[in-house]
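*Asks:*
Protein chains in written order, with this note's numbering: chain A, 45 to 157; chain B, -17 to 97.
1. Per DSSP, what kind of secondary structure is residue 42 of chain B in: helix, strand or coil?
2. At 3 residues or longer, and completely inside the region 85 to 114 of chain A: list those beta strand (DSSP E) runs for me, N to C.
3. Compute the Euclidean distance between the alpha carbons of residue 82 of chain A and residue 110 of chain A, then round it to the nearest angstrom.
4. Taking only runs that begin and end inside the region -5 to 81 of chain B, name each unbroken beta strand (DSSP E) of 3 or more residues, in chain order.
5. Just verifying my parser: in three-state terms, what is the DSSP assignment at residue 84 of chain B?
6. Indicate the three-state DSSP secondary structure (helix, strand or coil) for residue 129 of chain A in the structure shown.
7. Got a sec, what are the start and stop residues for the beta strand (DSSP E) residue 143 of chain A sits in?
8. Would you check if there are 3 or more beta carbon pairs closer than 8 Å linking the region 120 to 139 of chain A to the region 64 to 76 of chain A?
9. In whole angstroms, what is the alpha-carbon distance linking residue 133 of chain B and residue 63 of chain B?
10. Exposed or buried, which one is residue 130 of chain A when buried takes at least 16 other CB atoms within 10 Å?
11. Do you know how far the Cα of residue 89 of chain A is from the Cα of residue 3 of chain B?
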C-alpha cells in the first residue's frame, strides 16, 4: 500500500491567500484525521472524519479553517484567508477503526509570509 | 478524557547505551497504547502498539515497551541505541470500545544520540 499521501509537501504563500492541503488516506481506512504541529503547541488534532462525516471539529482554530471529505479517498483542509500564525506542519492520518493505530502522511509544511 | 504525560522533554544517550523513554497515561480502564517515532522532516511512524494480552510488546527497529497497569505506564526501551535512533518519540493512548476514534498524544521526547 502507498500509505497516506499528502500534497503539496511544501507550501509558501502570502498572508490573505487561500491555501488548500490535500490528503489521500490508506484504502479501506474509514477514519481520517488532520493534525497541526508547531514547536509551541506540539501536535494538535484539528478535525477527524468517520466514513466521510466530520465527527469532531473542536480543534479547528477558527472559521478561517474548513475541512471536507467528499469521498473515502480524498480530503482537503482549507485556510482562507491565511495568516502568518498558521505557519506549521499539517499532517493527515488514517486508521481502520476507532482507537486503532493511525498511519501518518509525510506532512505539508506551510509557510505564510 | 484520556491524557498522556511524557515527563522527559529531551534525553541524551551515547550510542550503544540502553534507552528508556517514559510514558504515563490517565484512563479509567486498560487503554490501547502506542509509540510513534518522528524523524526530522518526516511524519509519525508507528513503532509498536498494545491492545491486550502480553504486557511486553515488541516493535520495529529493536524497540519494546512494557505496559504496567499498576503504574499507568507504558515505557519504551531499547537495549542498545544507534545513532539513527535520534528522533522525537510520541506516546499515544486510545479508548477501547469507544466509537470516538481519536488518540491522545503526549508532547513528545526528543532523543539525541552522542557518537
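Backbone N, C-alpha and C define an ideal beta-carbon position, used for all residues, glycine too.
Please read all numbers here as calculations on a predicted model, not as lab measurements.
*Replies:* Let's see:
1. helix
2. 86 to 94, 97 to 100
3. Taking the straight line joining both Cα atoms gives about 19 Å.
4. Entirely contained in the region -5 to 81 of chain B, the beta strand (DSSP E) runs reaching 3 residues are, in chain order, 1 to 3, 6 to 8, 14 to 20, 26 to 32, 38 to 40, 46 to 50, 55 to 60, 69 to 76.
5. coil
6. If DSSP states are grouped into helix, strand and coil, residue 129 of chain A belongs with the helices.
7. Unbroken run through residue 143 of chain A: none, as it is neither H nor E.
8. yes
9. Beyond the ends of chain B as shown, which are -17 and 97, falls residue 133 of chain B; an answer cannot be given.
10. buried
11. Straight-line measurement puts the Cα of residue 89 of chain A at about 23 Å from the Cα of residue 3 of chain B.
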